[in-house]
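See structure below.
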Amino acid sequence: MKFIVKFKWVIAAFILALTVILMLTAPNLTKLASEKGQSQLPDDAVSSRASQILKNAGEDSNTISMVIKLDNALDKDSEKQIQKIIDKTEKIKGIKDVTTPLTDDQDVRNQLMSKDKKTVLVPVTVSGSDEKVEKIANQIYDSVPKDTTVYVTGASLINQDFAHSSEEGLKKTEFITIFLILGLLLLVFRSVVTPFIPILIVGITYLISQSLLGILVKNVDFPISTFTQTFLVAILFGIGTDYCILLLNRFREELANGHDKVEATITAYRTAGRTLFISGIAVFIGFAAIGFAKFAIFQSAVGVAVGVGVLLVILFTLLPLFMVTLGEKLFWPSKKVASHSDNKLWGFLGRKAVARPFVFLVITAIITVPFIVTYDSKVSFDSTAEISSDYKSIKGLNAISDALGEGKAFPVNVIIKGDKELTKADVIPYLGNISKAIEKVDHVDSVMTITQPTGEKIDDLYVNSQLGSVSDGIKDAVKGIGDVQKGLSDIEKGLNQIADQTGSASKESGGSLAPDADGLAQVNQQLQLVSTQLSTTGNVQQAVPQLAAISKQLTTIQTGLQQANENLSAQQGQVGTLSDSINQLAKGVNSANDGLTKISDGLTKATGMLDNMSDSSTVRDTGIYLPTEVMKDKGFKQSIDNYSFADGKGVKLSVVLDQNPYSEEAISTVKNIEKAVASEVVDTPFEHTEIVYGGVSSSNADLKDLSTTDLSRTMVVMMIGLFIVLTILFRSMIMPVYMIASLLLTYYTAMGISELLFVDIMGNDGISWAVPFFSFVILVALGIDYSIFLLDRFNEEVKSGVAEGMVTSMSKMGSVIITAAIILAGTFGAMMPSGVLTLVHVATVVIIGLLLYGLVILPLLMPAIVVTLGEGNWWPFLRKKEKYKVEE
């Protein structure tokens, strides 16, 4: 410290120059947070893998939705207006496809329009980053007539609006924090000089830290999120001010003891500076431990550790300059500059607690335990609730939810990727089974895939429908045979009449028509047998050869009629007229024969279809049969294109839920869908494929798993790290245990109170999902400061005895800790107007926790534990035992 005091001006100049250089050269951290700070799941998360598979296949397009609100039901005029909007939208650069709701396909219309026809959804496929998608949305807004209500929404746009909301919240937080700290310090020190010193110290720290983080993010991909800067501001200004108060109070105390300003500075750093260093290291370890988290948004809080490191350097280099330069003037114009008063309240509580420790342990339990046992860990994953409903992306989402259902906006995507083609006729049918299995899951509204592109299954693909068609064909064949029979009967009558009229004439001409008439009678009898067989047995295979034989007979009869016609054609008079009649009858026989041929061909086709069905394993497994003509059908090909990728080696299913896709219930539904699919694909062509899930609900399912494991991992790492450091610094393994335990007690109590406030009283679905993690890290990392403040002073005062030393340290440190807790709570209170729900929840938990710790846990619980353990506080290390007397 003497070296720093000696070269204070050189050091100050260096720090100032470094600050200016970094500010001028470092990348803009706010911009980087907007570009890289969106919530990113690790690559091995299920939803991340789904996105990667589609990206690798060139299917990483993004879908946003235009939501058009009409005053009246859709009519021809509004259709023309919507078509103009679609035409303009299609011309915007970056848009790959626009799905029109103005189609003749009624199923598509029902999907994209509300029942009252006043809300119309236009899905738009776009490409590019979230920022590019936002620019496209702005261009859409610019192209829409002013008298038309249109919202553009989608996950990318909601992310961007969240980033903008966070940026605006950061500006409010910075402004409110500075003025809040100035006001509190004016009250604490009653000086117009002192408040500006912490602001200057922390301000320089923030500028340097922000610049260093910008460099790290830009060059080494250091984790960052939209929360990083807000937490950096709140924590640096909070603990920075606390540390300044600690040092300045000790500095003032040493001045009151008669030391000059240089000696008072050196002594303050030798005593309070040691406490500050221990606290800073503990906070640094706390935030550095976040690096063990897997989720990028959690890792981004590691940036606070960088800020804490810079803060410690600035506090030990720049703050001494003001102390040794200004001395007592640092506290001008306060008349109590050279005095330091003990905190009477903490002194009183300390004496009572060491005298009756059990009573104070019970009081602490009464205050905390009820909130802990009623805490249900209810969390919410609804990112749309994070920001104001005034944003257009949220208005659009709400419009879709109200008109078409909550799940329509963000379906669950089932992505199946294999090594072989999955869009063959013997594989596609199994998608029908998977769809049916998913549809059985509670809260699934519909499933869209190749076999049911509109969410409704294509009946013609199913064997029962196809067999029904075969049955109808048989009925038509029977009817056709009946029509042929009637025609042949008429021909038979005609032949008999002609035979009676011609008599000897026909004999003289060389033939008789009677055998042909008899032949037709036999044909009719045979047709009757075939018709009866088809009607009763449906045996198509037997009917086909019978009809072929009958066709030959008809051909023979037709030939005979033609011969008779030729024999009569040379005769005159009545015989010539008969020749014309015979010719007409021959043509009738030929038409009947053609009819039978068509019937036979149809039955032959049905026979082939039935044979293929009997040989198909998909029919037995799925009830679906895809004949060649279906696979070649233009509409079915389009369905395959829409729900497949990677040259047919990947297929997709889109699952619409009947619940809010952001809800925790939707997460449970996703888990149930995963189980249903896993069970259904066994012993199918999809068994050895990779099946992953995308969409909002799937991402939130990953978030839930990841946030839970990250919180558990970080809690363990933080507690172990703090335990090791505190054990070394305090030369005790007992003190770290109850210091950390007291913070855990505080954390769970604060969470219980916050849940009661936001969920039970205000009716929220739950605390924002990121809150438990951030609140734990912040409360433990910052709360440990106050126990260090108290117990490090206790170690200094314990020479007079454990109980007396505890009372003295509480009297000396009470004002410092209470003031520090209030200031730190105030800096987090500055996050309340941010408008970001997560920040509001974190601020609430931290404020409750800090005040609870500073006003209840430390003054009531800590002295009771310390005096109860006595010399055991320093186990397993030894301390020179001294007699002490407990005073009440």
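Quick note, the working numbering runs 6 ahead of the 1-based positions in the sequence shown.
Every residue gets a Cβ at the ideal spot worked out from N, C-alpha and C, and that includes glycine.
Computed from a prediction, not measured in an experiment: that's the story for all the values here.
Three-state class that DSSP yields for residue i in the structure shown
i	result
Lys658	strand
Val450	strand
Leu663	strand
Met72	strand
Ser703	helix
Val316	helix
Phe354	helix
Ser394	coil
Asp81	coil
Val104	strand
Glu693	coil
Pro129	strand
Lys891	Confidence at Lys891 is low in this model, with a pLDDT of 40, below 50, so the placement of that residue is unreliable and no value is reported for it.
Phe651	strand
Ser215	helix
Ser386	strand
Val688	coil
Val198	coil
Gly517	Caution is warranted here: a pLDDT of 49 is assigned to Gly517, below 50, making its placement in the model unreliable, and the coordinate value is therefore given only provisionally. Gly517 falls in the coil class under three-state DSSP.
Met739	coil
Tyr631	coil
Asn879	helix
Ala511	Reliability fails at Ala511, whose pLDDT of 45 lies under 50, so the model's placement of it is uncertain and the value that follows must be treated cautiously. DSSP places Ala511 in helix when its eight states are reduced to three.
Met837	coil
Beta-carbon spacing of residue i, residue j below 8 Å
i	j	result
Pro839	Ile59	no
Leu845	Thr236	yes
Val208	Phe185	no
Val312	Thr211	no
Phe293	Val199	no
Ile303	Val842	no
Val702	Phe416	yes
Pro33	Lys224	yes
Ala359	Leu866	yes
Pro435	Leu659	no
Ser133	Lys102	yes
Leu428	Lys655	yes
Val319	Asp791	no
Ile296	Val308	yes
Ser901	Ser53	Past the boundaries of the shown model lies residue 901; the chain is included only from 7 to 894, so the question cannot be answered.
Gly189	Val813	no
Thr247	Ile828	no
Leu80	Met119	yes
Val662	Lys414	yes
Reference residue i; option with closest CA among the options
i	options	result
Phe920	Gly402, Ile773, Ile221 and Thr720	The structure shown does not extend to residue 920, since the chain is modelled only from 7 through 894, so no value can be given for it.
Ala682	Ala32, Gln644, Ile440 and Val319	Ile440
Phe35	Ser67, Leu213 and Lys82	Sequence inspection shows Leu at residue 35; the Phe mentioned does not correspond to that position. Nearest option by C-alpha distance: Leu213.
Ile824	Gln112, Asp93, Asp122 and Asn349	Asn349
Pro107	Lys94, Lys123, Ile101 and Ile98	Lys123
Lys90	Lys37, Asn78 and Pro151	Pro151
Asn770	Ser53, Pro363, Val385 and Val16	Val385
Leu325	Ser669, Gly820, Ile406 and Ala18	Ala18
Phe782	Lys97, Asp711 and Ile746	Ile746
Leu861	Val777, Thr370 and Asp227	Thr370
Lys267	Glu174, Pro229, Arg256 and Gly333	Gly333
Asn255	Val368, Ala240, Leu282 and Ile230	Leu282
Asn62	Lys423, Ser821 and Lys604	Lys423
Ser669	Asp766, Thr634, Trp775 and Leu38	Trp775
Gly641	Pro869, Asn419, Ile284 and Pro459	Pro459
Thr714	Phe729, Val777, Phe764 and Met741	Val777
Exercise. Counting Cβ pairs closer than 8 Å, one from the segment 821-838 and one from the segment 848-860, do we hit at least three?
Worked result: yes
Exercise. Is the segment 266-281 in contact with the segment 689-697, if contact means three or more CB pairs nearer than 8 Å?
Worked result: no
For this session: Please determine if the segment 65-83 and the segment 109-128 are in contact, where contact requires at least 3 C-beta pairs separated by less than 8 Å.
Result: yes
For this session: Note down, one range per segment and in chain order, each beta strand (DSSP E) of at least 3 residues found wholly within the segment 405-440.
Result: 418-423
For this session: Would you check if the segment 187-207 and the segment 732-740 touch, i.e. whether three or more CB-CB distances between them fall below 8 Å?
Result: no
Problem set entry | Three CB pairs or more closer than 8 Å across the segment 696-713 and the segment 666-677 | yes
Exercise. Does the segment 627-647 touch the segment 706-726, meaning 3 or more C-beta pairs lie closer than 8 Å?
Worked result: no
For this session: Entirely within the segment 137-191 and at least 4 residues each: give me those alpha helix (DSSP H) ranges in chain order.
Result: none
Exercise. Which residue spans inside the segment 742-790 form an unbroken beta strand (DSSP E) run of at least 3?
Worked result: none
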